[in-house]
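To start, the structure itself, in structure tokens.
Number of protein chains: 2
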Amino acid sequence: MELVLVAIGLGLLAIIYGIFTSRQVLGAGAGNEKMQEIAGAIQEGARAYLNRQYTTIAIVGVVVCALVFFLLNWIAAAGFLIGAVLSGAAGYIGMNISVKANVRTAAAAQSGLQQGLTLAFRAGAITGLLVAGLALLAIAGFFYFLAGALGFEANSREVVDGLVGLAFGASLISIFARLGGGIFTKAADVGADLVGKVEAGIPEDDPRNPAVIADNVGDNVGDCAGMAADLFETYVVTVGATMVLTALLLGGTLGALLLPMMSLPLLIGGACIVTSIIGTYFVKLGSKQNIMGAMYKGFIVTAVLSIPAIYAVMTWALGDMNALIGANVVSETATVALGDTLVTEGAAEVVGGFTGMDLFWCSMLGLVITGLIIWITEYYTGTEYRPVRSIAKASETGHGTNVIQGLAISLEATALPTLVIVAGIIIADLLAGLVGIAYAATAMLALAGMVVALDAYGPVTDNAGGIAEMAGLDDSVREKTDALDAVGNTTKAVTKGYAIGSAGLAALVLFAAYTTDLTEFFPGVTVDFSLKNPFVIVGLLLGALLPYLFGAMGMTAVGRAAGDVVKDVREQFAADKGIMEGTSRPNYARTVDLVTRAAIKEMIVPSLLPVLAPVVVYFVITLIAGQANGFAALGALLLGVIVGGLFVALSMTAGGGAWDNAKKYIEDGNHGGKGSDAHHAAVTGDTVGDPYKDTAGPAVNPMIKITNIVALLLLAALAAGAAG
Amino acid sequence: MELVLVAIGLGLLAIIYGIFTSRQVLGAGAGNEKMQEIAGAIQEGARAYLNRQYTTIAIVGVVVCALVFFLLNWIAAAGFLIGAVLSGAAGYIGMNISVKANVRTAAAAQSGLQQGLTLAFRAGAITGLLVAGLALLAIAGFFYFLAGALGFEANSREVVDGLVGLAFGASLISIFARLGGGIFTKAADVGADLVGKVEAGIPEDDPRNPAVIADNVGDNVGDCAGMAADLFETYVVTVGATMVLTALLLGGTLGALLLPMMSLPLLIGGACIVTSIIGTYFVKLGSKQNIMGAMYKGFIVTAVLSIPAIYAVMTWALGDMNALIGANVVSETATVALGDTLVTEGAAEVVGGFTGMDLFWCSMLGLVITGLIIWITEYYTGTEYRPVRSIAKASETGHGTNVIQGLAISLEATALPTLVIVAGIIIADLLAGLVGIAYAATAMLALAGMVVALDAYGPVTDNAGGIAEMAGLDDSVREKTDALDAVGNTTKAVTKGYAIGSAGLAALVLFAAYTTDLTEFFPGVTVDFSLKNPFVIVGLLLGALLPYLFGAMGMTAVGRAAGDVVKDVREQFAADKGIMEGTSRPNYARTVDLVTRAAIKEMIVPSLLPVLAPVVVYFVITLIAGQANGFAALGALLLGVIVGGLFVALSMTAGGGAWDNAKKYIEDGNHGGKGSDAHHAAVTGDTVGDPYKDTAGPAVNPMIKITNIVALLLLAALAAGAAG
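Listed below in structure tokens is the structure:
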């Protein structure tokens with residue numbers, strides 16, 4: 211248990227870093243009165259939205275928690291509660307830092323680019339480390355409570371149920387937060403742009419636009435709070451799934467290594483919290499004033515330091531790194547190819563597992579995958595490379611060709627990440643089977659502190675720019691915040707690619723947990739997961755449909771809510787001519803309130819889709835073709851949703867980022883610059899990309915996880931029902 | 211063999227109908243000299259393009275044919291040659307009818323809507339029945355030659371190889387024709403629109419636009435010739451796969467029923483040729499002058515008459531419709547649930563097959579699926595329903611919201627067809643296992659004559675409108691051709707949904723052929739197709755990637771070629787001011803030639819993607835993880851490409867049609883009508899939808915089939931290599 215306690219300690223370290231750094235951030239100057247007034251309005255709007263969002267989610271949450279309690283047990287319900295509350299907390303705290311850091315970043319940018327960068331990045335780092343720290347604390351603490359305080363066996367059903375419940379709580383909150391926040395931010399953004407930039411011909415962030423505060427609120431509730439909840443969920447599910455898989459798949463074979471093996475993912479997470487904290491201090495501009503370069507410095511330091519750190523905790527936990535661990539029956543040929551011992555047990559061949567070194571290499575693989583995905587995402591969304599430039603160039607011939615090229619890039623952008631993930635699956639499987647895949651995913655997520663830091667910095671600089679504009683600060687300040695913001699577009703895309711990439715690996719782990727659970731709960735039912743079974747095809751097709759349907763709902767919701775914003779702003783302009791003349795103040799609160807109501811209303815139905823789909827598919831197919839086919843179709847649905855969702859999410863997030871930066875590239879004076887026809891076309895592309903990259907695309911990640919976790923819970927509930 | 215001879219006779223009937231009806235069409239008045247001059251330019255351009263396209267394809271074809279000959283045998287090579295030549299012929303003849311019917315339709319529309327409709331529809335019906343007739347003749351004739359003249363057993367390897375070779379030839383030509391034609395038509399269309407409507411502010415089909423002839427040529431080479439080759443391929447592959455599956459799966463168990471069972475798909479095709487011919491005579495305007503209604507009348511007559519026709523040929527071929535046929539080991543639980551006899555044979559349970567009535571109901575299911583897909587497609591692309599109207603309404607707030615709503619609709623439009631296909635798979639499987647699925651697909655394709663007729667009518671009316679405009683005919687003529695054309699948008703979308711829907715079913719049949727072949731060729735290799743095998747996941751992911759990559763290439767190709775058109779037209783305008791003034795004639799041929807070269811160049815690489823991908827995946831995975839995993843990954847790739855491709859194709863074709871008709875709906879005077887801001891936004895959406903619906907989307911259908919057929923050929927080649 212001391213290993214778990216160390217992990218808890220390292221989780222606390224992240225919290226302490228957060229408290230310490232937020233004091234630094236809040237200690238910085240908050241600018242003049244006008245700036246503080248604007249920032250105050252944004253803070254107020256963001257808090258009002260989150261309060262309402264979390265109240266609504268709480269109602270759904272209480273119902274679901276009660277269901278978990280009655281259908282399963284109090285441990286799963288307690289896990290659900292902890293996951294839900296901490297996921298909400300991660301988002302809430304992140305948003306609170308963000309809305310205070312924005313005005314301070316604007317103030318700091320008056321002194322220089324480095325000052326602005328430092329402040330914004332520190333704000334991001336607080337959110338990043340809080341997400342990683344809270345997530346680690348949640349799993350490690352709950353595991354300690356169950357396996358230590360209550361004395362359950364580490365691989366007992368109680369512990370597994372608790373961890374799955376925890377993951378479910380985190381995921382359910384996260385999908386609401388991602389989708390609600392995503393709809394809010396893009397409805398406000400698209401609405402403000404349409405009625406401001408396009409109709410009234412006033413610039414972005416012009417204080418005369420009644421939707422301008424809502425737009426800035428959106429950055430905080432969507433890109434910050436929503437994203438934080440999402441990554442909290444990804445962390446909890448990935449690390450939790452690795453532990454659950456260890457318990458289910460290897461449990462009996464581990465002996466004295468059971469507890470160390472189950473604690474190891476937690477320790478890897480803890481070790482990388484330390485390296486992430488160190489990395490944050492290396493984010494500094496070099497002589498070339500390259501902002502992306504400064505970010506990379508921080509990331510590379512973290513990644514490189516993580517290599518010895520992971521090796522150290524592994525050696526500590528496992529002792530002999532070359533001893534064989536567990537047995538792995540999953541991927542026979544592959545492991546045999548590496549020359550591991552081969553044991554024949556009855557009819558089936560059982561292959562003697564993997565070594566600590568194998569797991570270490572799988573973790574390294576996770577780090578490499580993270581690096582490659584960051585690099586690929588930067589290629590597809592950075593202004594220096596072919597994809598963004600091709601969209602910018604296509605803008606010269608109009609709106610249509612801009613969108614066509616953007617769609618082409620978004621389709622193309624799925625290829626390299628998929629190949630990286632496929633290579634990752636193959637290599638990890640060859641090294642250590644499914645457990646290897648789980649370790650690769652865990653190592654990816656262990657870097658979450660740093661990756662989220664890079665991302666959460668984005669909304670701060672976006673807001674800082676808005677405040678600079680509205681407060682009428684010098685143009686040079688806006689230039690600096692714009693430069694910081696352009697990098698934010700790429701880092702935001704990076705986090706999404708990273709989250710969905712890790713989801714690809716985590717989903718395989720969850721699927722393995724599903725099949726293992728199935729054998730344990732229903733030993734009498736032989737489920738045919740072969741592609742030759744038509745119900746497997748049915749499941750795959752239905753699973754792949756989910757992200758499409760979900761994406762359609764998200765996009766429609768943004769379109770509808772943005773339309774409401776346009777109408778509201780038009781009404782305000784019509785009712786008071788003074789607004790456009792700059793003599794009267796628009797009613798910002800009214801627009802914020804309108805978007806709030808719209809976002810809350812629109813988030814419910816799509817969020818319930820992945821919760822209900824597995825249940826409906828299982829029962830319908832069972833009714834038609836028996837329970838074995840019901841289980842087969844449900845299992846295939848879980849993989850279908852990842853096979854379909856991976857591409858939808860990758861294409862949407864990369865495409866959206868590329869459109870956004872193509873506009874920025876033109877605004878930098880290329881292809882005619884601001885106000886040119888190419889610029890108008892690029893604004894259209896940016897608008898289209900908005901709900902792609904910030905609403906529908908990123909929400910696919912929690913959606914995939916929810917579908918999987920609901921399936922696991924369904925199995926447990928069915929088993930409990932059959933037993934009771 | 212008499213059953214096959216009857217099928218051949220019915221195929222010839224379709225050809226006779228074609229010759230007879232084309233005399234009627236060609237006998238109609240061809241309009242005034244000016245009209246004939248324009249039509250002549252279109253004919254010349256279309257022929258020049260097709261000659262060059264088929265010359266290029268012939269070079270690839272000869273190489274591939276030689277490969278098939280050396281790696282397999284002369285029978286497969288002969289099949290390839292027949293499939294390739296007849297696929298090309300179907301496209302070529304269809305195009306020839308189309309380019310002659312266009313001007314005659316314009317002339318006939320001067321007399322009235324019914325006259326225009328009759329002429330255009332008859333032209334479409336010629337293409338439709340030629341496609342179905344030639345396809346039936348190809349399979350039935352080749353089958354007769356092999357099993358009758360040469361005396362091979364109907365289920366012998368020679369016959370199977372021959373049919374697979376035939377399908378490969380048809381598919382390979384079809385993907386080139388679909389993609390080359392698709393790139394040509396949309397590059398010309400988008401380019402002409404951008405430089406004409408958007409830049410120069412002249413209307414569509416204005417004779418001053420140098421790209422206008424290329425645009426009209428495009429309708430013929432893409433929407434007519436490309437589509438005809440595609441549907442020829444779909445027909446050959448589906449009916450051929452049903453025969454191959456019957457031979458491989460049931461071969462040994464059929465006894466005297468072997469030949470009748472293998473001939474039955476041909477007879478169903480033949481019977482529906484008769485009902486399609488009858489149906490064409492019912493396409494007449496009612497009192498409401500509803501064009502879509504007239505089309506439906508024809509379709510419904512065909513579908514309803516097909517019920518007794520299919521029943522009749524089944525009874526004739528099988529005799530007792532209630533006798534058990536074959537044995538079906540594929541879907542045990544399902545078939546047992548229906549109470550069929552259960553035979554235990556060794557360790558495995560073999561379920562005594564299905565009856566003739568089961569197959570009849572599966573065929574009826576195919577007709578119902580076709581009807582439902584038509585109905586769903588009309589809902590998503592017709593101007594009277596929510597989807598198109600929502601896009602039209604979103605156009606009011608600008609280009610961005612139009613595109614967002616269009617994308618949302620395109621995502622949503624995948625849901626209902628997927629559910630229909632899933633329900634079809636389940637029901638057919640319950641009735642008669644995989645053979646049932648094959649019969650549902652065959653019955654769908656049996657209606658191809660009628661469905662292609664509805665589609666091929668589109669480019670004729672589109673051209674007729676162009677000719678009316680360029681020849682300066684009365685506005686009332688243009689109104690009539692426009693009304694005919696609007697329906698064409700929906701019927702074109704219908705055919706694509708139908709083709710991809712049937713591809714979903716056919717792919718399952720091809721996958722079954724793959725697994726059965728695998729067992730026969732490599733009895734010693736145990737392949738694990740379970741979803742638990744990581745290499746199955748790898749295959750699924752790589753398969754799902756293919757349509758994305760393919761779509762990206764197609765979209766980029768259109769964007770690039772359209773850009774070339776824009777430059778060419780700008781140069782022509784700049785070099786000769788008289789063009790815009792209407793005093794000098796633009797150099798149409800130069801633009802046609804430019805698009806021709808671009809389309810031919812751009813079609814090669816994407817077309818080779820599905821040919822090479824299966825080979826590369828098999829060899830790479832075999833190298834890494836052994837042959838069993840290589841086969842597993844390849845099999846999963848086949849299903850991955852359909853799981854991914856179904857959604858990409860459905861969303862693109864439905865979305866594109868919806869965008870197009872949203873523009874038409876606005877042009878009809880809604881939301882501000884022509885020239886309004888909403889109209890400009892809708893033109894953008896239409897431009898975006900163009901390569902979606904006419905280039906990338908429809909080409910996914912042959913792509914799926916090619917991947918599957920290449921895998922089958924790879925198995926045969928590997929087996930031949932191992933044996934030799």
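Respectively, the protein sequence lines represent chains A and B. In this note's numbering, each residue's number is its place in the first sequence (first place is 1) plus 210. In this note's numbering, each residue's number is its place in the second sequence (first place is 1) plus 210. Cβ atoms here follow ideal geometry from the backbone N, Cα and C, with glycine treated the same way.
For this session: Let me know the alpha helix (DSSP H) ranges lying completely inside the stretch 414-498 of chain A, each 4 residues or longer, listed in chain order.
Result: 422-428, 437-455, 461-464 and 468-490
Exercise. Are the C-beta of Glu-622(A) and some C-beta of chain B separated by less than 8 Å?
Worked result: yes
Problem set entry | Under the three-state DSSP convention, the category Gly-361(B) falls into | coil
Problem set entry | Buried or exposed (CB count within 10 angstroms, at least 16 for buried), Val-514(A) | exposed
For this session: Taking Pro-669(B) as part of the alpha helix (DSSP H), name the residues at either end of that continuous run.
Result: 658-680
Problem set entry | Sheet register partners of Ala-564(A) (DSSP bridge) | Note that residue 564(A) is Phe in the sequence shown here, rather than Ala. Paired residues: Ile-535(A).
Exercise. Can you tell me the Cα-Cα spacing of Asn-532(A) and Glu-212(A), whole angstroms?
Worked result: Here the alpha carbons of Glu-212(A) and Asn-532(A) stand approximately 23 Å from one another.
For this session: Taking only beta carbons into account, state which residues of the stretch 378-411 of chain A come closer than 7 Å to chain B, listed in chain order.
Result: Val-400, Leu-404 and Val-408
For this session: Could you tell me which of Val-825(A), Gly-850(A), Tyr-724(A) and Ala-364(A) sits nearest to Gly-749(A), measuring between CA atoms?
Result: Gly-850(A)
For this session: Taking only the alpha-carbon atoms, compute the straight-line gap between His-890(A) and Leu-323(A) and give it to the nearest angstrom.
Result: 29 Å
For this session: For Leu-922(A), I'd like the list of residues in its chain whose CB is within less than 8 Å of its CB, leaving aside the five on either flank, ordered along the chain.
Result: Val-374, Leu-720, Ala-723, Tyr-724 and Asp-727
For this session: Can you tell me which of the three DSSP states Gly-879(B) falls into?
Result: In this structure, Gly-879(B) counts as coil in the three-state DSSP scheme.
For this session: Would you please verify whether the beta carbon of His-951(B) is less than 8 Å from any beta carbon of chain A?
Result: What the structure shows of chain B is the stretch from 211 to 934, and residue 951(B) is not part of that stretch, so it cannot be assessed.
Exercise. Does any CB atom of chain A fall closer than 8 Å to the CB of Val-821(B)?
Worked result: Among the residues facing chain A, Val-821(B) is not included, as its CB has no counterpart in that chain under 8 Å away.
Exercise. Ser-486(A): buried (16+ other C-beta within 10 angstroms of its C-beta) or exposed?
Worked result: buried
For this session: Give a yes or no on contact between the stretch 820-835 of chain B and the stretch 278-290 of chain B, applying the rule of three or more CB pairs nearer than 8 Å.
Result: no
Exercise. How many whole angstroms separate the CB atoms of Gly-867(B) and Thr-591(B), which I take to be in contact at a CB cut-off of 8 Å?
Worked result: 4 Å
Exercise. Less than 8 Å separating the beta-carbons of Ala-342(A) and Gly-668(A)?
Worked result: no
Exercise. From Val-216(B) to Thr-652(B), what distance separates their C-alpha atoms?
Worked result: 18 Å
For this session: Identify whether Ser-600(B) lies in helix, strand or coil by the three-state DSSP scheme.
Result: helix
For this session: For Met-765(A), go through chain B and note every residue whose CB falls closer than 8 Å to its CB, in chain order.
Result: Ile-614, Gln-615, Leu-617, Ala-618 and Leu-621
Exercise. Cβ of Phe-355(A) less than 8 Å from any chain E Cβ?
Worked result: This model lacks chain E altogether, as its protein chains are A and B.
Exercise. Count the other CB atoms within 10 Å of the CB of Ser-794(B); is the residue buried (16 or more) or exposed (fewer)?
Worked result: exposed
Problem set entry | 8 Å contact criterion, which Val-523(B) and Ala-457(B) should meet: CB distance rounded | With a Cβ gap of about 19 Å, Val-523(B) and Ala-457(B) do not count as contacting.
Exercise. What are the residues of the stretch 892-917 of chain A that lie near chain B, defined by any Cβ-Cβ distance shorter than 7 Å?
Worked result: Thr-894, Thr-897, Val-898 and Pro-901
For this session: For Ser-740(B), go through chain A and note every residue whose CB falls closer than 7 Å to its CB, in chain order.
Result: Phe-739 and Ser-740
Exercise. Does DSSP put Asp-695(B) in a helix, a strand or coil?
Worked result: Here Asp-695(B) carries a helix assignment [DSSP, helix/strand/coil].
Problem set entry | CB contact below 8 Å: Val-746(A) versus chain B | yes
For this session: Give the straight-line distance between the Cα atoms of Val-539(A) and Val-830(B), rounded to the nearest whole angstrom.
Result: Low confidence applies to Val-539(A): its pLDDT is 46, below 50, so where it sits in the model is not reliable, and the reading given next is rough at best. Cα-Cα distance, rounded: 23 Å.
Exercise. Comparing the C-beta of Asp-803(B) with each C-beta of chain A, is any distance below 8 Å?
Worked result: no
Exercise. Quick one: what does DSSP say Ser-620(A) is sitting in, helix, strand or coil?
Worked result: helix
For this session: Please confirm if the stretch 803-810 of chain B is in contact with the stretch 390-409 of chain B, defined as three or more CB-CB distances below 8 Å between the two stretches.
Result: Yes, the stretch 803-810 of chain B touches the stretch 390-409 of chain B.
Exercise. Leaving out five residues before and five after Pro-757(B) in sequence, what residues of the same chain have Cβ atoms less than 6 Å from its Cβ?
Worked result: Gly-854, Gly-855, Val-858 and Val-910
Exercise. Are any of the Cβ atoms in chain B nearer than 8 Å to that of Leu-755(A)?
Worked result: yes
For this session: Could you check if Val-645(A) is buried or exposed, using at least 16 other CB atoms within 10 Å of its CB as the buried criterion?
Result: Residue environment: Val-645(A) is assigned as buried (16 or more neighbouring CB atoms within 10 Å of its CB, all protein chains considered).
For this session: Indicate whether at least one CB of chain A lies closer than 8 Å to the CB of Asp-639(B).
Result: yes
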